[in-house]
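From first to last, the protein sequence lines stand for chains A and B. The numbering used here numbers the first residue of the first sequence as 425 and each following residue consecutively. The numbering used here numbers the first residue of the second sequence as 425 and each following residue consecutively. Positions of the beta carbon are idealized from the N, C-alpha and C atoms, including for glycine. Presented below is the structure to which this report refers.
Number of protein chains: 2
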Amino acid sequence: MPARQSFTDLKNLVLCDIGNTHIHFAQNYQLFSSAKEDLKRLGIQKEIFYISVNEENEKALLNCYPNAKNIAGFFHLETDYIGLGIDRQMACLAVNNGVVVDAGSAITIDLVKEGKHLGGCILPGLAQYIHAYKKSAKILEQPFKTLDSLEILPKNTRDAVNYGMILSVISCIQHLAKNQKIYLCGGDAKYLSAFLPHSVCKERLVFDGMEIALKKAGILECK
Amino acid sequence: MPARQSFTDLKNLVLCDIGNTHIHFAQNYQLFSSAKEDLKRLGIQKEIFYISVNEENEKALLNCYPNAKNIAGFFHLETDYIGLGIDRQMACLAVNNGVVVDAGSAITIDLVKEGKHLGGCILPGLAQYIHAYKKSAKILEQPFKTLDSLEILPKNTRDAVNYGMILSVISCIQHLAKNQKIYLCGGDAKYLSAFLPHSVCKERLVFDGMEIALKKAGILECK
Chain A
425 MPARQSFTDL
435 KNLVLCDIGN
445 THIHFAQNYQ
455 LFSSAKEDLK
465 RLGIQKEIFY
475 ISVNEENEKA
485 LLNCYPNAKN
495 IAGFFHLETD
505 YIGLGIDRQM
515 ACLAVNNGVV
525 VDAGSAITID
535 LVKEGKHLGG
545 CILPGLAQYI
555 HAYKKSAKIL
565 EQPFKTLDSL
575 EILPKNTRDA
585 VNYGMILSVI
595 SCIQHLAKNQ
605 KIYLCGGDAK
615 YLSAFLPHSV
625 CKERLVFDGM
635 EIALKKAGIL
645 ECK
Chain B
425 MPARQSFTDL
435 KNLVLCDIGN
445 THIHFAQNYQ
455 LFSSAKEDLK
465 RLGIQKEIFY
475 ISVNEENEKA
485 LLNCYPNAKN
495 IAGFFHLETD
505 YIGLGIDRQM
515 ACLAVNNGVV
525 VDAGSAITID
535 LVKEGKHLGG
545 CILPGLAQYI
555 HAYKKSAKIL
565 EQPFKTLDSL
575 EILPKNTRDA
585 VNYGMILSVI
595 SCIQHLAKNQ
605 KIYLCGGDAK
615 YLSAFLPHSV
625 CKERLVFDGM
635 EIALKKAGIL
645 ECK
């Protein structure tokens, strides 16, 4: 590996997680997101270290910030899973024992035991369920309704659709988690977390993993 | 109510359940289905009693068999649910205590206690999940794969998608059922039943409900 610049503090660099819809950044402890069209406007001066699951958005980042560095090769997550997304790998790297849920445009559920990734499964993103309901029957294309609780059984179509979607996602996570701690990240983390007693929202989970990876690679100094 | 012909035996009439995709029939103890284009070819001679959730398919039936009778008005299911599909009502009418799952182009899950419908929820049909996955990310549009068990955690994208879909449906049903008996009908009933220990497949469930309704209305003689 070539000699690389080393940073004494997270403050001196910018972390970037390139997703399928948005591009997420962590600058020190500030989090912000951008569409690929707005990247230039961000005017980032510091060195960018990134991961990406979307080639097109990655190109857009490199177009604006040609020195940004992909850190996918700088770390290793122990797993037998073939094709595990780099964002899922980073989130799992930040958890030693527990269940990692990334609830974004898809919902990924991964199990980690003593730092080893044991496997995981994928559900559609909450906003994407509408397409499956619409194809099931026209009347099932219902507007999203936030639920306060799953205690009361639905008594109309709109509630029945929203309840089914949330209960199936929640009970799937709980079935896999059993009594383990649940770590949630992604846009729907906060909403889902309210239904999961043993869970914590960790907005920075992917960035926490990136920080660990940079430390292991010696790019960021361990304090 | 006008005087109606009374039948001594189920053998003397044909039951019909008009769905969104197919039109299902029960002739004595034989079950068969038809697309609306093929109805004429069936050449049914006996009197038809039907329920319908699809206006277009209903018109097609009446076009071929103008004497067919809609029995929706002939019965009552105790419920506070507004807009409960007539097929769900009929399936629930056939169960006194338990959970009724109709796994077709949508998956409906309904709870019945001492003959009263307590409420229920709706999930997309298994075949319809593909549309939600596709919208979540292109790579998640995976072909359906039948799973033998949910014991082994997925270690690739195709398994992760199929496992997530099945586990979320199964764990949702189990969460609602607790220790109650689960009655499954619809095209995917047999497949789902294999993952649900306290379940029975009842292919005729909707027709059993229709038979009860006809008996209560005095159209079919009680033996």
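Q | Candidates A/K602, A/S430, A/E645, A/K639: closest to A/N521 by CA position | A | A/K602
- Please classify B/A459: is it buried, with 16 or more other beta-carbons within 10 angstroms of its beta-carbon, or exposed? exposed
Review point. Leaving out five residues before and five after A/Q429 in sequence, what residues of the same chain have Cβ atoms less than 6 Å from its Cβ?
Key: none
ask   = Assuming A/S617 and B/C596 make a contact with CB atoms under 8 Å, what is their CB distance in whole Å?
value = In fact, because the Cβ distance is near 19 Å, the residues do not count as touching under 8 Å.
Rounded separation between A/T503 and A/R582 - CA only: 41 Å
How should B/C646 be labelled, buried or exposed, when 16 other C-beta atoms within 10 angstroms of its C-beta is the threshold for buried? exposed
_Would A/D504 pass as an interface residue toward chain B - the criterion being a Cβ-Cβ separation below 7 Å?_
yes
Quiz item: What three-state label does DSSP hand B/S592 in the structure shown?
Solution: helix
request  = Return no unless some Cβ of chain A is closer than 7 Å to the Cβ of B/T570.
outcome  = no
task: Would you list, in sequence order, the uninterrupted alpha helix (DSSP H) runs of no fewer than 4 residues that lie entirely inside the stretch 530-598 of chain A?
output: 553-560
Item to complete: Identify, in the order they occur along the chain, each residue of the same chain with its Cβ nearer than 7 Å to the Cβ of A/Y489, setting aside the five sequence neighbours on each side.
Response: I468, I472
Please list, in chain order, all residues of the same chain as A/H622 whose beta carbon is under 8 Å from its beta carbon, the five residues on each side excluded. A601, N603, Q604, K605, I606
Between the alpha carbons of B/I590 and B/I636, how many angstroms are there, rounded? 33 Å
query: Is the CB-CB distance between B/A551 and A/Q552 below 7 Å?
result: no
- [ ] Measure the alpha-carbon distance for A/M514 versus A/V593 and round it to whole angstroms.
- [x] 22 Å
message: In the DSSP output, which residue or residues are listed as bridge partners for B/T503?
response: B/H541
Tell me whether B/F568 is buried or exposed, calling it buried when 16 or more other Cβ atoms sit within 10 Å of its Cβ. exposed
Open item on the list: Tell me which residue opens and which closes the beta strand (DSSP E) that B/E471 is part of.
Closed with: 471-476
- Item | Nearest-angstrom Cβ-Cβ length linking A/Y505 and A/G443, presumed shorter than 8 Å | Contact doesn't hold; Cβ gap of about 19 Å is too wide.
Skipping 5 residues on each side, what residues in its chain have a beta carbon closer than 8 Å to that of A/H446? S457, S458, A459
Residues of the stretch 464-492 of chain A with a CB closer than 7 Å to any CB of chain B: list them in chain order, please. none
Next item on the list: Within its chain, find whatever has a CB closer than 8 Å to the CB of A/K540; leave out the 5 residues flanking it on each side and keep chain order.
Entry: E502, T503
task = Tell me whether B/Q429 sits in a helix, a strand or coil according to DSSP, three-state version.
result = coil
Practice prompt. Ignore the nearest five residues each way along the sequence and tell me which others in B/M425's own chain have a CB closer than 7 Å to its CB.
Written response: Any reading at B/M425 must be qualified, since the residue scores a pLDDT of 46, below 50, and its modelled position is unreliable; the value itself is stated next. So the list is empty, once near-sequence residues are dropped.
Cβ-based neighbour list, B/L574, same chain, cut-off 8 Å, excluding 5 preceding and 5 following
Y587, I590, L591, I594, F619
request  = Quick one: list the residues of chain A neighbouring B/A530, beta-carbon separation under 8 Å, in chain order.
outcome  = Y557, S560, A561, L564
Margin query: For A/G528 and B/N494, what's the separation of their Cα atoms in angstroms?
Written below: 45 Å
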